[in-house]
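Numbering (the working numbering), first residue to last: 1 to 101.
Rendered as structure tokens:
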């Protein structure tokens, strides 16, 4: 029994680096999907926009705050929600958020 547990522990520890790497890759790919979808959803409202993506989102949604120019002198932010299952995107209204320090 002890031999089986030791062998299982060794196999799990050997597999862990690749599991973490693929997990990191999957999260990076997910963040890119959220960013692209949210920038697309806000493109008719904001120009020169940038998305700040929550790296993991919630259990069911990817989350981002998109910030850009609403007009020549006004910067606005919009909350964006990306459904992890359907990949549907919803956006909120334009917000005046203070600059992060």
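Every residue, glycine too, gets a C-beta built ideally from N, C-alpha and C.
All figures in this text were calculated on a predicted structure; none of them were measured in a lab.
Segment limits, beta strand (DSSP E) that includes residue i
i, result
"residue 62", "61-69"
"residue 56", "Counting along the chain, residue 56 falls outside any beta strand (DSSP E), and DSSP gives it neither H nor E."
"residue 128", "No statement about residue 128 is possible, as the shown extent of the chain runs from 1 to 101 and does not include it."
C-beta atoms of residue i and residue j nearer than 7 Å
i, j, result
"residue 47", "residue 69", "yes"
Contact belief for residue i with residue j at Cβ below 8 Å, rounded distance in angstroms
i, j, result
"residue 77", "residue 89", "With a Cβ gap of about 16 Å, residue 77 and residue 89 do not count as contacting."
"residue 31", "residue 42", "Contact doesn't hold; Cβ gap of about 16 Å is too wide."
Residue from the options whose Cα sits closest to the Cα of residue i
i, options, result
"residue 86", "97, 60, 94", "60"
"residue 35", "63, 24, 26, 45", "63"
"residue 54", "40, 27, 93, 75", "27"
"residue 58", "73, 39, 80", "80"
Straight-line Cα distance separating residue j from residue i
i, j, result
"residue 37", "residue 82", "8 Å"
"residue 91", "residue 24", "26 Å"
"residue 56", "residue 40", "20 Å"
"residue 72", "residue 94", "15 Å"
"residue 99", "residue 29", "27 Å"
"residue 74", "residue 97", "11 Å"
"residue 45", "residue 84", "24 Å"
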